[in-house]
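Student:
Protein chains: 2
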Amino acid sequence: MHAALASPPALFALDWGTSSLRAYALGPGGQVLATRRSEHGVMNLPAGAGIATPAEAFEAALQGLCGDWLAAHADTPLIACGMVGSAQGWREARYQPLPARASELATAMTVIARPGGEPLHVVPGLLQSGELPNVMRGEETQIAGVLQSLADEGRAPQRLLVGLPGTHTKWAWVEDGAVVRFETFMTGEVYAALSQHTILGRTMVMGAPHDEPAFARGLRVARSPLGALGVLSTVFSVRTLGLTGQLTGRAQPDYLSGLLIGHEVAALAPALQDRTPVVLCGEPLLCVRYATALEAQGHPAPEIRSGVTPLGLWRIAQAAGLAVPTPVRRSA
Amino acid sequence: MHAALASPPALFALDWGTSSLRAYALGPGGQVLATRRSEHGVMNLPAGAGIATPAEAFEAALQGLCGDWLAAHADTPLIACGMVGSAQGWREARYQPLPARASELATAMTVIARPGGEPLHVVPGLLQSGELPNVMRGEETQIAGVLQSLADEGRAPQRLLVGLPGTHTKWAWVEDGAVVRFETFMTGEVYAALSQHTILGRTMVMGAPHDEPAFARGLRVARSPLGALGVLSTVFSVRTLGLTGQLTGRAQPDYLSGLLIGHEVAALAPALQDRTPVVLCGEPLLCVRYATALEAQGHPAPEIRSGVTPLGLWRIAQAAGLAVPTPVRRSA
Chain A
1 MHAALASPPA LFALDWGTSS LRAYALGPGG QVLATRRSEH GVMNLPAGAG
51 IATPAEAFEA ALQGLCGDWL AAHADTPLIA CGMVGSAQGW REARYQPLPA
101 RASELATAMT VIARPGGEPL HVVPGLLQSG ELPNVMRGEE TQIAGVLQSL
151 ADEGRAPQRL LVGLPGTHTK WAWVEDGAVV RFETFMTGEV YAALSQHTIL
201 GRTMVMGAPH DEPAFARGLR VARSPLGALG VLSTVFSVRT LGLTGQLTGR
251 AQPDYLSGLL IGHEVAALAP ALQDRTPVVL CGEPLLCVRY ATALEAQGHP
301 APEIRSGVTP LGLWRIAQAA GLAVPTPVRR SA
Chain B
1 MHAALASPPA LFALDWGTSS LRAYALGPGG QVLATRRSEH GVMNLPAGAG
51 IATPAEAFEA ALQGLCGDWL AAHADTPLIA CGMVGSAQGW REARYQPLPA
101 RASELATAMT VIARPGGEPL HVVPGLLQSG ELPNVMRGEE TQIAGVLQSL
151 ADEGRAPQRL LVGLPGTHTK WAWVEDGAVV RFETFMTGEV YAALSQHTIL
201 GRTMVMGAPH DEPAFARGLR VARSPLGALG VLSTVFSVRT LGLTGQLTGR
251 AQPDYLSGLL IGHEVAALAP ALQDRTPVVL CGEPLLCVRY ATALEAQGHP
301 APEIRSGVTP LGLWRIAQAA GLAVPTPVRR SA
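Protein chains in written order, with the UniProt record's numbering: chain A, 1 to 332; chain B, 1 to 332.
(1) Using a Cβ cut-off of 8 Å, pull out every chain A residue sitting near Met-136(B), in sequence order please.
(2) Can the beta-carbon of Pro-46(B) be found less than 8 Å from the beta-carbon of Gly-64(B)?
(3) If the cut is a Cβ gap below 7 Å, which residues of chain B does Ala-193(A) touch?
(4) Considering only the alpha carbon of each residue, which of Ala-193(B), Leu-285(B), Ile-112(B) lies closest to Glu-56(B)?
(5) Pair every Cβ in the stretch 290-305 of chain B with every Cβ in the stretch 72-85 of chain B, then say whether three or more of these pairs are closer than 8 Å.
(6) Measure the C-alpha to C-alpha separation of Pro-289(B) and Ala-178(A) and round it to an integer number of angstroms.
(7) Identify every run of the beta strand (DSSP E) within the stretch 65-147 of chain B, keeping only runs that are complete inside it and at least 3 residues long; order them along the chain.
(8) Under a three-way DSSP split, which group does Ala-172(A) fall into?
(9) Run through DSSP, which three-state label would Arg-315(B) get?
(10) Gly-163(A): buried (16+ other C-beta within 10 angstroms of its C-beta) or exposed?
(11) Can Gly-234(A) and Val-221(A) be called in contact, C-beta distance under 8 Å?
(12) Quick one: is Val-205(A) buried, meaning 16 or more other Cβ sit within 10 Å of its Cβ, or exposed?
(13) Looking only at C-alpha atoms, which of Val-308(A), Phe-12(A), Gly-82(A) sits nearest to Ala-23(A)?
(14) Hey, out of Glu-175(B), Pro-115(B), Pro-225(B), Glu-183(B), whose CA is closest to Thr-240(A)'s CA?
(15) Can you tell me where the alpha helix (DSSP H) holding Asp-254(A) begins and where it ends?
(16) So, with DSSP's three-state summary, where would you put Arg-275(B)?
(17) Is the beta carbon of Thr-276(B) less than 8 Å from the beta carbon of Arg-181(B)?
(18) Please report whether the beta-carbon of Glu-189(A) lies at a distance below 8 Å from any beta-carbon of chain B.
(19) For Ile-316(B) and Leu-294(A), what's the separation of their Cα atoms in angstroms?
(20) What is the DSSP secondary structure of Ala-332(B), reduced to helix, strand or coil?
(21) Which partner residues of Leu-160(A) appear in the DSSP bridge assignment?
(22) Does the Cβ of Met-43(B) have 16 or more other Cβ atoms within 10 Å, making it buried, or fewer, making it exposed?
(23) Taking C-beta to C-beta, are Ser-149(B) and Val-278(B) nearer than 8 Å?
(24) If you draw a straight line from the C-alpha of Ser-331(A) to the C-alpha of Trp-16(A), how long is it?
(25) Could you check if Glu-283(B) is buried or exposed, using at least 16 other CB atoms within 10 Å of its CB as the buried criterion?
(26) Could you spell out where the beta strand (DSSP E) holding Ser-237(B) opens and where it closes?
(27) Drop a sphere of 10 angstroms on the beta-carbon of Ala-228(B), count the other beta-carbons inside from all chains shown, and report buried for 16 or more, exposed for fewer.
(28) Going by Cα to Cα distance, which pick from Pro-270(B), Leu-33(B), Glu-140(B) is closest to Leu-313(B)?
(29) Is the beta carbon of Trp-171(B) closer than 8 Å to that of Leu-259(B)?
(30) To the nearest whole angstrom, what separates the beta carbons of Cys-287(A) and Pro-165(A), a pair I think is in contact under 8 Å?
(31) Quick one: what's got a C-beta closer than 8 Å to Ser-195(B)'s C-beta in the same chain, skipping five residues either side?
(32) Give the interface partners of Val-235(B) over in chain A, defined as CB-CB distance under 7 Å, in chain order.
(33) How would you label Gly-82(A), buried or exposed, when you count the other beta carbons within 10 angstroms and need 16 or more for buried?
(34) Give every residue of the same chain whose Cβ lies closer than 8 Å to the Cβ of Leu-161(A), excluding the five residues on either side of it in the sequence, and list them in chain order.
(35) Counting only C-beta atoms, is Glu-140(B) closer than 8 Å to chain A at any point?
(36) Would you report the Cα separation of Arg-217(B) and Phe-236(A), rounded to the nearest angstrom?
And the structure:
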């Protein structure tokens, strides 16, 4: 079913989240040789004959997706990031404190022995202590990937703000290659909850083409004096603008999106005043929304990167000495 | 099944919402002689033989709850407020613009003829025009009830801020008996959506006794510098404080409640600086939460009123000349 790898891999890299598992075979320069994906996320592991323990379920998911790779290249190291390292994962990879760069992540990896194969090295998440603690798991690897992608272009900015839009959007401040602070906004999940489980959803018509003016209107309201009452108040305007014939049902989803993203970016405005360069990383169309929101507030256009997780896993594996950039290391 | 009224009513007053219908028989001083309640809210009307139109369904709901009252006191006037006057109601009672006092509400009532009985007078909702319009329907009558309850005590404050905590909390500024401005916060519905339909709910243990320290902690975070990132960010601390062992699952619901109410009250802080007296009106325990939030921000303790809808309907009916405070008016 699966084709064999055309050239020898230097690293097998896994992006193992809640709802899916992605496997990358990386070549000696970190380049992606092949990618595979299955639905066997941490919350959806295989079951059945011969699977009695969680560990066996994780191994079965791994073998099911890339058992042929592992058999043909038995000495290629294995690394993973994401919820596989959570308390509900294969084994908990304890959170790493800040500041954290790739070398700290590499040192702190949790190593899971696999009978008959290379062990799996699991990247830890990050924990920011304080009165309101903050956590990330998976995004630390995306940030490493952003930094690696810049390094590959000969760039190593002294200061950088990485925005990672998603269900839980993260904003991470990076200094000299180390994450020094980050914040979380539940904007994506709040959007879903409001549009699916409140009165706002009753008049919203989902699935319409993107309505840029409606999105821009939401952004404008959020950063205007009207936005000062906060998101708990402004979201009701989705309904009242509809009731008064000023916003169609088809325009309401993008208006709400603009409102929420606008409130998020407005809250970050003080932190953005020092003009630290911003890189957005994530699903491209969502990143474009955030870029629009930043520019609407007068910030320079941010760079957008996507699909950098394998590059981040490569960077961390290199820092760990797992994947040295020569194809013959282990076959000597 | 139902007992007859012990003394002649001056007004039948209906609080007819989405999910329930409440009927009050009011005496000549506006006092409640009897109360009844059914599940026949606007979204749950009776159906079956003899009910072919929405009007017949509304009439059937009314007859089912208090047909004996209407038969025994056929000339007693009828008034209603709430969603019965919405576009999905018996007939739409168009929104009244601001400023609005009881006399404007009275003049603008929609009159629905009822074959063989007194017509039903439906109180309009309020519409605040502007870039972000605002609407209320039902709360205008509660505000009239608050003002009537104060008048019954010989008080007629020149300025008043009425807070109406609920699914959609309203704050209404009243001057000389007229609503001149109001704002809506979807705090109650956002609380339900977050706790039932996001990751926060996974660790929340509902149904525990009220945890006042957890609630106060949420209030404190919302008004602290940490709250400046806004509610989309601070709500994630429900999870992270749990993950780090600093907040039990049983404490998380009240912490989230404190966060949301705290953000709402903090957003109102500029408007509260003029020390306008505040009256809270609604479910008593929820009003106590808001009172705590106001006091935590340094505001004077607000008064709390509950169950004032029949009094508000009485005030509006009086302003309309429907219910003059004499029991013999119509039997002359």
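A virtual CB, placed ideally from N, CA and C, is assigned to each residue, including glycine. Source: prediction; values computed, not measured.
Tutor: With the structure as the only source:
(1) Near Met-136(B) there are no residues of chain A at all, since even the closest Cβ is about 10 Å away, more than 8 Å.
(2) yes
(3) Ala-193, Leu-194, His-197, Thr-198
(4) Ile-112(B)
(5) no
(6) In the sequence as displayed, the identity of residue 289(B) is Arg instead of Pro. Using only the alpha carbons, I get a separation of about 42 Å.
(7) 78-81, 110-114, 117-122, 126-128, 134-136
(8) strand
(9) Reduced to three states, the DSSP call for Arg-315(B) is helix.
(10) buried
(11) The residue asked about is misnamed: residue 234(A) is Thr in this sequence, not Gly. Result yes, Cβ atoms of Thr-234(A) and Val-221(A) sit closer than 8 Å.
(12) exposed
(13) Phe-12(A)
(14) Glu-183(B)
(15) Boundaries of the alpha helix (DSSP H) around Asp-254(A): 252-272.
(16) coil
(17) If you check the CB distance, Thr-276(B) and Arg-181(B) do not come in under 8 Å.
(18) yes
(19) 50 Å
(20) Low confidence applies to Ala-332(B): its pLDDT is 38, below 50, so where it sits in the model is not reliable enough to give any reading.
(21) Val-174(A)
(22) Met-43(B) sits exposed, since fewer than 16 C-beta atoms from the chains shown fall within 10 Å of its C-beta.
(23) Going by C-beta atoms, Ser-149(B) is not nearer than 8 Å to Val-278(B).
(24) Because the pLDDT of Ser-331(A) is 43, which lies under 50, any placement of that residue in the model is unreliable, and the question is left without a value.
(25) Taking every protein chain shown into account, the CB of Glu-283(B) has fewer than 16 other CB atoms within 10 angstroms, so this residue is exposed.
(26) Run containing Ser-237(B): none in the beta strand (DSSP E); it sits in the alpha helix (DSSP H), 237-243.
(27) exposed
(28) Residue Glu-140(B) is the option with its Cα nearest to Leu-313(B).
(29) No.
(30) 6 Å
(31) Gly-201, Met-204, Met-206, Pro-253, Leu-256
(32) Met-186
(33) buried
(34) Trp-171, Ala-172, Trp-173, Val-174, Ala-271, Leu-272, Thr-276, Pro-277, Val-278, Val-279
(35) For Glu-140(B), the answer is no, since every Cβ of chain A falls outside 8 Å of its Cβ.
(36) The C-alpha of Arg-217(B) lies about 27 Å from the C-alpha of Phe-236(A).
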